[in-house]
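See below for the structure under consideration.
Numbering (this note's numbering), first residue to last: -19 to 374.
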């Protein structure tokens, strides 16, 4: 049986949920991100509806620029807990047809449905059923690509968005790719594309028709990788439920600041947020990374390895604050700070030799667990640190 891989990608996921939950937003340009504040806001666009895209608005665009492009758009703050809730419902639907589901993000996944065809019929029927269920049960639209491998399935799902459904049949791989632009190849960014064009290439089909040795001479092993993709070759398996490599949070200040106390409170709030996510996912971190961006948009990162794995915000903050001390920002104003937990491992893992006696109870973890339970039941504002009361919106 030929491999059958599905790539499913939700269309304008965050913005579509906002339109779903707020009927007045439907059919109108919706921008999810920071407050534009009359074109003077900070931060970037997290997502936008398809109605906003004709104005030139895209993800990662500065929010002030988005506002200047479309002042009549509806600007909303992200609701990440709501998006995560819907994502869980989508992935539950996907797991109904196969256990081989590889999440790529909160709204995107590969599925290997090769064996599932014996139960649910051809891959094309499975893809249609997934789209129909997501629409009927959740009111959202997904685009689907179906192909013999991951690369082709991803390209296929992108071609006819929104509400796309593209199938690449076995044996049609090269024909499907032939006329597509170079930018559709994985690994081809602006610099690589410029080099390829200098060599006379403008389509994927031209690369496929070239001797692989020509590309290897120019790009080394990457040249062979490009040639194989251009010929529709990709044997990578679908890897279900890959463990997170890092968990982070960052904050862009409304105004660039040199207020040390404000920066300290912000880092503490971010560390608490990351610690809460670690506990929710039963993970602990063995490393911390600080992200720092000043008013000149210069970005610096500093990293440290912890003496002991942790899931507590206090520990993460202590390291992040120490890392900030290693940044020379005298005379600068701070635009953004971020805290990321790295080197993650399951909380149940125990490294090294087991102790002879049971360790004493960890009062800090017991306190934090109690706080988690209160916030889960009554909301995040039900209990917080006294030192963060001035920055409740962080």
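Each residue gets a CB set at the ideal place from its N, CA and C atoms; glycine is no exception. Note that this is a predicted model, so its numbers are computed, not measured.
| Query | Result |
| --- | --- |
| How is the beta strand (DSSP E) around residue 275 delimited, first residue to last? | Segment: none, residue 275 is in no beta strand (DSSP E) and carries neither H nor E. |
| Straight-line CA distance for residue 4 to residue 28? | 16 Å |
| Can you pull the DSSP bridge partners for residue 123? | -11 |
| Please report the distance separating the alpha-carbon of residue 201 from that of residue 211. | 16 Å |
| Can you list, in chain order, the residues of its chain whose CB lies under 6 Å from that of residue 160, leaving out five sequence neighbours each side? | 184 |
| In terms of alpha-carbon separation, which member of 327, 324, 321 and -18 lies closest to residue 151? | -18 |
| Thinking just about the alpha-carbon of each residue, which of 208, 286 and 71 is nearest to the one in residue 192? | 208 |
| Between residue 91 and residue 218, which are expected to be in contact by the criterion C-beta below 8 Å, what is the C-beta distance as a whole number of angstroms? | 7 Å |
| For residue 81, which residues in the same chain have their Cβ closer than 7 Å to its Cβ, ignoring the five residues on either side in sequence? | 71, 74, 75, 89, 91 and 220 |
| Name the one or two DSSP bridge partners that residue 317 has. | 231 and 272 |
| Can you give the Cα-Cα distance for residue 247 and residue 181, rounded to whole angstroms? | 48 Å |
| Hey, would you say residue 66 sits closer than 8 Å to residue 37, going by beta carbons? | no |
| Measure the CB-CB distance between residue -7 and residue 63 and report whether it falls below 8 Å. | yes |
| Enumerate, from N- to C-terminal direction, the unbroken beta strand (DSSP E) stretches of 3 or more residues contained entirely within the stretch -6 to 64. | 10 to 13, 25 to 28 and 54 to 56 |
| Go ahead and pull the three-state DSSP assignment for residue 78. | coil |
| Report the residue ranges of all alpha helix (DSSP H) runs contained in full by the stretch 183 to 213; include only those spanning at least 4 residues, in chain order. | 184 to 188, 192 to 199 and 201 to 210 |
| Take every Cβ of the stretch 108 to 125, pair it with every Cβ of the stretch -12 to 2, and state whether three or more of those distances are shorter than 8 Å. | yes |
| Expressed to the nearest angstrom, what Euclidean distance is found between the alpha-carbon atoms of residue 179 and residue 213? | 22 Å |
| Provide the residue span of the alpha helix (DSSP H) that contains residue 245, from first to last. | 240 to 260 |
| Note the first and the last residue of the continuous beta strand (DSSP E) segment covering residue 284. | 279 to 290 |
| Note the first and the last residue of the continuous alpha helix (DSSP H) segment covering residue 112. | 103 to 118 |
| Whose C-beta lies closer than 8 Å to the C-beta of residue 163 among residues of the same chain, with five residues either side of it excluded? | 173 |
| Along the chain, where does the beta strand (DSSP E) that runs through residue 91 open and close? | 88 to 92 |
| Do residue 230 and residue 271 count as a contact pair if the criterion is CB distance below 8 Å? | yes |
| The alpha helix (DSSP H) spanning residue 145 covers which residue range? | Unbroken run through residue 145 is the beta strand (DSSP E), 145 to 147; no alpha helix (DSSP H). |
| Mapping DSSP to helix, strand and coil, what is residue 96? | coil |
| Residues in its own chain within less than 8 Å of residue 186 by CB, not counting five upstream and five downstream? | 180 |
| Quick check: the stretch 226 to 245 against the stretch 17 to 24, are at least 3 beta-carbon pairs closer than 8 Å? | yes |
| With the cut-off set at 8 Å, would you say residue 58 and residue 13 are in Cβ contact? | yes |
| Where does residue 161 sit, in a helix, a strand or coil, going by DSSP? | strand |
| Note down, in chain order, each residue of its chain lying with its Cβ closer than 7 Å to the Cβ of residue 297, except the 5 sequence neighbours on either side. | 247, 248 and 251 |
| For residue 136, write down the residues that DSSP places opposite it in a beta bridge. | Answer is none; residue 136 lacks a bridge partner. |
| Less than 6 Å between C-beta atoms, sequence neighbours within five positions excluded: which residues of the same chain meet that for residue 135? | 164 |
| By the three-class DSSP mapping on this structure, what secondary structure does residue 179 have? | coil |
| Take residue 228 as the anchor and find which of 40, 99 and 300 has the nearest alpha-carbon. | 300 |
| Compute the beta-carbon to beta-carbon distance between residue 264 and residue 325, rounded to the nearest angstrom, for a pair I have assumed lies under 8 Å. | 6 Å |
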